[in-house]
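Numbering (the numbering used here), first residue to last: 309 to 468. For every residue, glycine included, the Cβ atom is placed at its ideal position computed from N, Cα and C.
Okay, here's the thing in structure tokens:
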């Protein structure tokens with residue numbers, strides 16, 4: 309009867325994982341990502357090479373040796389994939405440093421990986437940092453925000 313007195317649940321947020329210009333994942337120059345085959349998301353043309361956690365969660369995937377991607381399990385039961393660059397696996401970890409391990413709990417803004425953006429680009433590779441919410445039945449409806457300059461760990465890029 310007095311539903312208007314109930315507190316509305318606060319929106320959950322994904323923060324930018326790197327400083328830079330936010331674009332839709334559909335603009336990424338890789339068909340696997342741009343077709344949303346793995347799930348929907350955003351990408352950031354990075355201003356630098358420090359990648360941070362976009363949300364609190366647990367590290368569920370690491371790419372030992374190459375350090376070009378990381379998976380995070382979110383408390384609500386879905387997974388995020390952060391992928392640094394296109395075809396950067398070919399660098400075999402050159403220019404990439406990981407600060408995480410499997411099963412580690414992270415908070416939004418925690419440093420995950422650093423990479424040498426200039427090195428990636430000097431090899432003719434795209435340095436875009438991609439954030440995908442992997443398709444799964446537990447995935448809530450996320451609303452993404454693009455077309456802005458983001459600050460890592462601060463700017464909201466998605467809500468649910």
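Boundaries of the beta strand (DSSP E) in which residue i is found, first to last residue
i           : result
residue 467 : 464–467
residue 380 : 377–381
residue 404 : 404–406
residue 321 : 321–323
residue 370 : 365–370
residue 390 : 387–392
8 Å Cβ cutoff met for residue i and residue j
i           : j           : result
residue 435 : residue 354 : yes
residue 423 : residue 357 : yes
residue 433 : residue 403 : no
residue 324 : residue 463 : yes
residue 332 : residue 454 : yes
residue 330 : residue 414 : no
residue 446 : residue 386 : yes
residue 360 : residue 460 : yes
Selection from the options that minimises the alpha carbon distance to residue i
i           : options            : result
residue 364 : 419, 438, 351      : 419
residue 368 : 390, 357, 350, 359 : 390
residue 401 : 386, 453, 371, 445 : 371
residue 398 : 428, 467, 360      : 428
residue 381 : 395, 366, 430, 322 : 366
residue 408 : 373, 450, 340, 444 : 373
residue 322 : 337, 430, 338, 383 : 383
The ligand GTP heavy atom lying under 7 Å from the CB of residue i
i           : result
residue 432 : Here there are no bound small molecules, and the ligand GTP is not part of this structure.
Cβ of residue i within 8 Å of any chain B Cβ
i           : result
residue 348 : No chain B appears in the structure shown, which is made up of a single protein chain.
What are the complete alpha helix (DSSP H) segments, minimum 4 residues, inside the stretch 327–362? 339–342
Any beta strand (DSSP E) of 3 or more consecutive residues that is wholly inside the stretch 410–449: 419–423, 437–442
State whether the stretch 343–352 contacts the stretch 439–458, with contact taken as three or more CB pairs (one from each stretch) at a distance under 8 Å. The stretch 343–352 is in contact with the stretch 439–458.
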